[in-house]
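To start, the structure itself, in structure tokens.
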Amino acid sequence: MTNQRQPLRSYDRSAGVSASEPTSLFVLKSLLYPVMPVLTLGLCMLVWRENLDGPYFLMAVLAFFGAADVLDALPMAPPRARSLAIASLLDIIFRWSLVIAFIWALLEIAGIANQLRWEVLVSWAIATPLVIWVGRLYAPHLFLRASNSGAPRRVVIAGANRLGAKLARSLQESPWLNMEVLGFFDDRDSGRLPEDCANRLLGKLGWMRDYIARNSIDVVYITLPMTRHPRITELLQSLKDSTASVYFVPDLTMCDLMQPRFDLVNGIPVVAVCESPFYGGRGIAKRVSDIAISATAIALLSPVMLLIAAAIRLTSPGPVIFRQKRYGLDGKEIVVYKFRSMTVTEDGNKSYTQVTRNDSRVTPIGSFIRATSLDELPQLFNVLEGTMSIVGPRPHAVAVNEQYRRLIPGYMLRHKVKPGITGWAQVNGYRGGDDIGSMRARIEHDLEYLQHWSLTLDLMIILKTAMVVWNDKHAY
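Heads up: the sequence shown runs through residues 1 to 476, numbered per full-length UniProt numbering.
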């Protein structure tokens, strides 16, 4: 496995709703996932000749709202690779399982679950994720054709700068928005502008009002700094004399954004520059997935863990479980469990000596379980108790944290989430190495994970971990 950096953007499942998106397209995107389970339930009831009476009607309503909350809106960009399409199916199956579990629990509590025919339930539970997946693959193409059937919305950009050029490219690469960028307005000469903008310069800012009136412009984007400078106030005042929609595009490129989002604090607009990805329903989904996966793994791997524990006890003196202090969520100390693989049990609180290849401190059993990552299995109990996650930035010893937080900007941002048993850095070859270069690369991957988190990405990392763990040359 090479340490080649891999782009993470393709794993992001965000629907990417645009403020300039046609209302009809937004409604269709938002309703597609919730409607599909209801239609599939109706089809299953038709096949099994059941009537839409009380319990089934309640199940349809719960499925609609559950799918709307858990599955979000339909992403407009279909998966470009087969592996991403498979990951999309796994993500849908997992999320749909949460919806099914929620519905079944409510029906059991209400005492009406026994009124439902199990053939309908089983066929519906199996068919629905497949139907949703097919819709995920082909609906974007249908929406694209529908959105391109009408005349495109005409767009101009006030501000021929890098932000304006980036915005223009983004609009051109989003054909479902059906928007045509005619050009830029700026008071500078074309020779001082980025090449992408200079070739499409329409004139000075003072000319915009007349141009908008003559050319039936629908949307104006302002990519200039929003200040009280006279040219900005004059521009805003002139745009009030038109029916074009006006959007201000803030330049946040100076910020290394992490989970950016807009919000209102008692009516005051604010922008999240650095936020945990696990707020609201996303945090619940992450925790439920951690509990389900860790509990299942403990049940399946308990014989293996018992054998490892017995081997450690019989071959070397000392405890079976090694407890080490690490930094967890919000930088608070936690105790991480591992199978003891060495003759020493330093907790890394004050100092920490990195394990090297052929390290004399590693026991014979320890060499095997470290090479196969079996020494990490007790951390499943960390996940179950809530101090760790299945996927997340790997926890470092306290002494290592204190050393590198002074050397690497943004190091402590990785503690915005719980540490994980495996992570994006580890599956890309950055498992070991205590030098500054390896640590920088590891932190960059950790922050990428936080910026682009999704359950799909978690599933991809888990699957990739299973594939690479046996061939990891960096494990010793």
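We treat Cβ as the ideally placed atom computed from N, Cα and C, and that holds for glycine.
- Counting other Cβ atoms within 10 Å of its Cβ, LYS204 stays below 16 and is therefore classed as exposed.
- Burial check for SER170: the Cβ neighbour count within 10 Å stays below 16, so the residue is exposed.
- Between the segment 414-423 and the segment 384-398, the count of Cβ pairs shorter than 8 Å is three or higher; the stretches touch.
- With 16 or more other CB atoms across the displayed protein chains lying within 10 angstroms of its CB, LEU107 is buried.
- Close CB contacts of GLN451 within its chain, under the 6 Å cut and outside five residues either way in sequence, are with MET258 (chain order).
- Looking at SER30, ASP375, VAL134 and ASP330, the one whose alpha-carbon comes closest to that of VAL304 is ASP375.
- Sorting ALA441, ALA60, VAL47 and GLU50 by C-alpha distance to the C-alpha of MET36 places ALA60 at the top.
- In this structure, VAL70 is the residue among TRP48, VAL70 and ASP53 with its C-alpha nearest to the C-alpha of GLY280.
- For ILE284, DSSP assigns no beta-bridge partner whatsoever.
- Rounded to the nearest whole angstrom, the C-alpha separation of LEU182 and THR233 is 23 Å.
- Contact check for ASP241 against ARG287 fails: the beta carbons are separated by 7 Å or more.
- Taken through DSSP and simplified to helix, strand or coil, GLN426 comes out as helix.
- In this structure, DSSP gives PRO194 a state outside helix and strand, which the three-state scheme calls coil.
- The beta carbon of VAL131 is closer than 6 Å to those of MET36 and THR40 in its chain, skipping five residues each way along the sequence.
- ILE408 and ARG440 have their alpha carbons spaced roughly 7 Å apart.
- Counting the other Cβ atoms within 10 Å of the Cβ of GLU195 gives fewer than 16, which makes it exposed.
- The DSSP-derived three-state label of LYS332 is coil.
- Between the alpha carbons of ALA425 and PRO319 lies a gap of roughly 30 Å.
- Judged by their CB atoms, THR223 and LEU163 are nearer to each other than the 7 Å cut-off.
- The beta carbons of ILE157 and TYR211 sit about 12 Å from each other, so the pair does not count as a contact at 8 Å.
- Within the DSSP secondary-structure output, TYR327 pairs in a beta bridge with GLU333.
- By the Cβ test, the segment 44-58 is in contact with the segment 99-113, since at least three Cβ pairs between them sit closer than 8 Å.
- For SER190 against LEU201, the beta-carbon gap comes to about 5 Å, under 8 Å, which counts as contact.
- Taking C-beta atoms as the reference points, PHE184 and ALA160 count as a pair closer than 7 Å.
- In the three-state reduction of the DSSP assignment, VAL246 falls in the strand class.
- About 7 Å separates the CB atoms of ILE461 and GLY423; that is less than 8 Å, so the two are in contact.
- Taking 8 Å as the upper bound for CB-CB distance, LEU137 and ALA85 are in contact here, some 7 Å apart.
- Distance from the Cα of THR315 is smallest, within the candidate group ILE268, TRP104 and PRO364, for PRO364.
- The shortest C-alpha to C-alpha distance from GLU180 to any of GLY206, GLY150, ASP186 and TRP207 is the one to GLY150.
- Cβ contact annotation for LEU116 (same chain, cutoff 8 Å, sequence separation greater than five): PRO55, TYR56, MET59 and LEU107, in chain order.
- Residue burial annotation: PHE339 is buried, with at least 16 other C-beta atoms found within 10 angstroms of its C-beta.
- Listed as beta-bridge partners of GLY420 by DSSP are SER389.
- Within the same chain, VAL427 come within 8 Å of LYS464 by CB-CB distance, once the 5 residues on both sides are set aside.
- Look at the segment 113-185 and you find these whole runs of alpha helix (DSSP H), each 4 residues long or longer: 118-147 and 162-172.
- PRO269: member of the beta strand (DSSP E) spanning 268-272, first to last residue.
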